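Here's the structure, in structure tokens; my notes come after.
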Amino acid sequence: MSLSLVLAISAGLFALGTMMFVVKKNLIAILMGVELLMNAAALNFMGFSYYSPAKGHPLDGQVFALFVILIAAAEAVVALGIAIAVYKEFGHVSADKLSQLEG
Amino acid sequence: MTQSVFFAIFSGLTLVTAGIVALNQNLIRAAFALFFCLFAVAGVYVTLGGDFVAMVQLMVYAGGVAILLTFGAMLTADVSQPSGSNLNFQGVWAMIGGVSFFSVLYYVLEETQWPLKGTNYLDPTTKELGKLLLKDYLLPFEVISFLLLIAMVGAVYLVLKGEQE
Numbered sequence: 001m002s003l004s005l006v007l008a009i010s011a012g013l014f015a016l017g018t019m020m021f022v023v024k025k026n027l028i029a030i031l032m033g034v035e036l037l038m039n040a041a042a043l044n045f046m047g048f049s050y051y052s053p054a055k056g057h058p059l060d061g062q063v064f065a066l067f068v069i070l071i072a073a074a075e076a077v078v079a080l081g082i083a084i085a086v087y088k089e090f091g092h093v094s095a096d097k098l099s100q101l102e103g
Numbered sequence: 001m002t003q004s005v006f007f008a009i010f011s012g013l014t015l016v017t018a019g020i021v022a023l024n025q026n027l028i029r030a031a032f033a034l035f036f037c038l039f040a041v042a043g044v045y046v047t048l049g050g051d052f053v054a055m056v057q058l059m060v061y062a063g064g065v066a067i068l069l070t071f072g073a074m075l076t077a078d079v080s081q082p083s084g085s086n087l088n089f090q091g092v093w094a095m096i097g098g099v100s101f102f103s104v105l106y107y108v109l110e111e112t113q114w115p116l117k118g119t120n121y122l123d124p125t126t127k128e129l130g131k132l133l134l135k136d137y138l139l140p141f142e143v144i145s146f147l148l149l150i151a152m153v154g155a156v157y158l159v160l161k162g163e164q165e
């Protein structure tokens with residue numbers, strides 16, 4: 001295990017998440033992609049915190065990983081609320097059919 | 001040695017389950033694969049010396065967000081027709097784009113000289129993280145708690161608004 005390996009895993013997660021975010025049709029699947037992106041970011045923070053800690057502050061990266069996790073939780077809650085409101089309004093959550101702004 | 005073995009196991013599990021999330025055509029299966037992916041990322045955190053962050057990851061992500069997304073998939077997708085609920089717009093082009101995007105990222109991270117320092121921190125981190133959160137990062141900590149409150153209120157408002165109309 002090395003820093004490059006951690007970063008490579010994180011880059012893999014990031015690429016998968018980005019592609020899900022771009023190409024998926026279902027809103028919930030897009031949300032899953034965003035969760036993968038957030039995980040990649042937090043994993044990067046953890047990797048740098050372990051392999052290259054700041055002098056005297058070895059845990060700063062872990063604090064930021066915590067913040068990333070909490071922000072991802074808030075984002076998931078709000079986005080899921082939006083998805084359920086969209087489902088109640090239109091009867092589907094297909095991203096390519098949602099073209100009305102004020103339904 | 002043990003650390004490397006567990007790191008290999010958990011990182012492999014992470015990548016495989018993330019691939020299932022991205023490629024499986026059934027949204028419910030993708031949601032369950034996402035659960036295992038987040039669990040495996042928590043394992044990777046443990047091998048990187050972050051015991052507290054791994055526990056937070058397990059409780060918030062694997063216990064909260066993954067369950068929430070599973071509920072979302074079951075509430076919104078057509079459960080009687082689960083296959084095809086996770087389709088792509090352009091599968092082949094997405095594959096090509098993802099692989100090339102990953103190649104660019106990998107090239108950058110292999111070419112860069114990262115500053116490595118030898119002191120790997122493997123002590124229990126909870127006490128130190130608590131000190132950091134309540135001393136150095138007090139303001140972001142409070143802002144995050146306020147953000148979580150606003151997100152909760154906003155989610156309830158959004159769902160209720162859909163109900164009234």
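These protein sequence lines are chains C and W, in that order.
Under full-length UniProt numbering, the first residue of the first sequence carries the number 1, and numbering increases by one thereafter.
Under full-length UniProt numbering, the first residue of the second sequence carries the number 1, and numbering increases by one thereafter.
Every residue gets a Cβ at the ideal spot worked out from N, C-alpha and C, and that includes glycine.
All values reported here derive from a predicted model rather than from experimental measurement.
Excluding residues up to 5 positions away in sequence, 61, 62 and 66 lie with their Cβ nearer than 6 Å to the Cβ of residue 38 of chain W in the same chain.
For residue 26 of chain W, the three-state secondary structure derived from DSSP is strand. Below 8 Å, too few C-beta pairs join the segment 46-55 of chain C and the segment 1-17 of chain W to call them touching: fewer than three. Closest in alpha carbon position to residue 160 of chain W, among C:83, C:18 and C:7, is C:83. Excluding its 5 nearest sequence neighbours in each direction, residue 31 of chain W has C-beta neighbours in its own chain below 6 Å: 69, 70 and 73, listed in chain order. Counting only the Cα atoms, residue 133 of chain W lies some 10 Å from residue 127 of chain W. Sequence-distant Cβ neighbours of residue 29 of chain C in its own chain, meaning closer than 8 Å and more than five residues away, are 20. Using a CB distance cut-off of 8 Å, residue 73 of chain W counts as an interface residue toward chain C.
When beta bridges are read from the DSSP output, residue 92 of chain C appears opposite no residue.
The alpha carbon of residue 150 of chain W has as its nearest neighbour, out of C:73, C:15 and C:1, the alpha carbon of C:73. Judged by DSSP in its simplified three-state form, residue 127 of chain W adopts helix. Residues of chain C with a Cβ closer than 7 Å to the Cβ of residue 130 of chain W do not exist, since the nearest Cβ in that chain sits about 10 Å away. In the DSSP assignment, residue 93 of chain W falls within the unbroken alpha helix (DSSP H) covering 91-111. DSSP places residue 60 of chain W in no alpha helix (DSSP H); its state is neither H nor E. Look at residue 110 of chain W: its C-beta is under 8 Å from a C-beta on chain C. Assigned with DSSP and collapsed to three states, residue 24 of chain C falls in strand. If you draw a straight line from the Cα of residue 88 of chain C to the Cα of residue 22 of chain W, it comes to about 26 Å. At a cut-off of 8 Å between beta-carbon atoms, residue 90 of chain C makes no contact with chain W. Between residue 112 of chain W and residue 75 of chain W, the alpha-carbon positions lie close to 45 Å from each other.
With fewer than 16 other beta carbons inside 10 angstroms of its own, residue 157 of chain W counts as exposed.
Spanning the alpha carbons of residue 130 of chain W and residue 67 of chain C requires a straight line of approximately 13 Å.
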